[in-house]
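Chemist:
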Amino acid sequence: MRSVLIALGWGDYRIVRGIARYAAEHDWHLSTQMLFTPQVLSGWEGDGAIVSYDRRLAKLIVGLNMPCVDLTPVELPIRVPRVLVDNEAVGQQAAEHLLGCGFRTFAFFGQKGVWASSVRGRAFAAALRARGVPVENLFSLTAPADRLREHWPEYEEAVHGMLTGLPRPVGIYCGQENLAAELVEVCASRGIRVPEEVAVLGTDNIEFVCECLQIPLSSIDTRQEELGYRAAERLQEYMAGAIGSDAEPLLVEPAGVVRRRSTDVVAVSHPGVSRALQHLREHFGEPLSLTDLEPIAGMSYRGLQQAFKRMIGRGPGAELRRLRLRHAKRMLLDSDAKIDTIAQACGYSNSTNLSTALRRDTGLSANAYRQQHGMG
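Under this note's numbering, the letters of the sequence shown match residues -7 to 368, in that order.
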């Protein structure tokens, strides 16, 4: 039986749950003392460790002299295998989601010095620019200093001041869940309508945070349990000698946006496009003919296509394909349903058509996508 130390120094219970699931499958003993105390263990002996590097843990990690896998999304002074969320993909998914809501003005809300958040913000802005969003419609907001959080009225006033300077309606992507929750609270306190005036999108899909807010929070599922499972799997490879300390970081694909009230809006001024877009969202899993949108929009398909491109940067056909593919990816990552079942649930006539769409987007068939990115 292998003995493995969990030394994260911080924690998302879902990461630990993923590690524990792998440990149960492979007869590991997990040393969990450091989940309950910030005190660094000395003299611990075992086979390997899953760690999150910081200055406090540096001596422990170096002194362990055994295989370690790290989960820290920053540049490290040590060489160890790492497992990370694909933060560029997170930012790209945020951009696609808010574009799909029909917004023309966007902002990123991040915190200075948080590397993962910065990567997400840059990818968010780059994806929007690539879709033709002009620079003057992109805004960047930096969270007030942490010390202001100790006096909430001052913090709220600072955040409200930033919001006051933004055109509305605006879609705001927050690189961290706590920032998104705070933003929703400030909007509620100051009478700013969410999502009609300000739509808010968070990161990590921490359910007890997202669902306890006055306006439930939409958030990107970064698959924290899968991150833990893959870290344990990577450690097993390292302990077995299959990889070395210089192995490339393993990136975990985010599962997409879990939509809740905070972005449940069609921010499109054109009434025909708004009705058609809502219909696509609600019925993408059904057999649809795009000409069916004509009576819903109250206009010809050609006119609707032109209006769609003006409003959201793509035609109704492209939007329908995006919605179907997004849902199919999520089902492939989060379920063990058969490919044919997933295809039918997402509006594809068969699994071949689903695989063709996936291959066009990712270079992978449905089976290959699931094997590479799916549940461990």
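Each residue gets a CB set at the ideal place from its N, CA and C atoms; glycine is no exception. Only a predicted model underlies this, so the values are computations on that prediction, with no experimental measurement involved.
How far does the alpha helix (DSSP H) with residue 110 in it reach, from first residue to last?
Modeler: Walking along the sequence shown from the start, residue 110 turns up at place 118. Counting along the chain, the alpha helix (DSSP H) containing residue 110 begins and ends at 107 to 122.
Chemist: Give the straight-line distance between the Cα atoms of residue 154 and residue 133, rounded to the nearest whole angstrom.
Modeler: Numbered from its first residue, the sequence shown carries residue 154 at position 162. Numbered from its first residue, the sequence shown carries residue 133 at position 141. Approximately 7 Å, taken between the alpha carbons.
Chemist: Once DSSP output is grouped into helix, strand and coil, what is the label at residue 97?
Modeler: Indexing the sequence shown from 1 puts residue 97 at position 105. Reduced to three states, the DSSP call for residue 97 is coil.
Chemist: State the DSSP-derived secondary structure class of residue 338, mapped to helix, strand or coil.
Modeler: Here residue 338 corresponds to residue number 346 of the sequence shown, with the count starting at 1. Reduced to three states, the DSSP call for residue 338 is coil.
Chemist: Using only CA atoms, which one of 320, 365, 341 and 268 lies nearest to residue 92?
Modeler: The residue labelled residue 92 in the question sits at position 100 within the sequence shown. Distance from the Cα of residue 92 is smallest, within the candidate group 320, 365, 341 and 268, for 268.
Chemist: By DSSP's criteria, residue 74 is part of a beta bridge. Which residues make up the other side?
Modeler: By one-based count along the sequence shown, residue 74 stands at place 82. Answer is 62, bridged to residue 74.
Chemist: Could you check if residue -7 is buried or exposed, using at least 16 other CB atoms within 10 Å of its CB as the buried criterion?
Modeler: By one-based count along the sequence shown, residue -7 stands at place 1. Counting Cβ neighbours within 10 Å, residue -7 comes out exposed, since fewer than 16 surround it.
Chemist: Could you give the residue range of the alpha helix (DSSP H) that holds residue 373?
Modeler: Any property of residue 373 remains undetermined from this structure, which presents the chain solely from -7 to 368.
Chemist: Given 8 Å as the limit, is there contact between the stretch 127 to 144 and the stretch 200 to 210, that is, 3 or more CB pairs closer than that?
Modeler: no
Chemist: Would you identify the three-state DSSP class for residue -6, choosing helix, strand or coil?
Modeler: Numbered from its first residue, the sequence shown carries residue -6 at position 2. Looking at residue -6 - three-state DSSP - the assignment turns out to be strand.
Chemist: Please identify the residue among 263, 166, 94 and 283 whose C-alpha is closest to the C-alpha of residue 309.
Modeler: Sequence index remark: in the sequence shown, residue 309 carries index 317 (1-based). When only C-alpha atoms are compared, the closest one is 283.
Chemist: Would you kindly work out how many angstroms separate the C-alpha atoms of residue 54 and residue 236, rounded to a whole number?
Modeler: The residue you call residue 54 lines up with position 62 of the sequence shown. The residue you call residue 236 lines up with position 244 of the sequence shown. Residue 54 and residue 236: Cα-Cα distance of roughly 16 Å.
Chemist: For residue 56, which residues of its own chain have a beta-carbon under 8 Å away from its beta-carbon, when the five flanking residues on both sides are left out?
Modeler: The count along the sequence shown starts at 1 and reaches residue 56 at position 64. -3, 36 and 41.
Chemist: Is residue 313 near residue 248, with beta carbons less than 8 Å apart?
Modeler: Locating residue 313 in the sequence shown gives position 321, counting from the first residue. Locating residue 248 in the sequence shown gives position 256, counting from the first residue. No; because the gap between Cβ atoms is not below 8 Å, this pair is not in contact.
Chemist: Might you give, ordered along the chain, the residues of its own chain that have their beta carbon closer than 6 Å to the beta carbon of residue 161, omitting 5 neighbours on each side?
Modeler: Position 169 of the sequence shown, counted from the start, is the residue given in the question as residue 161. Cβ within range, chain order: 189 and 259.
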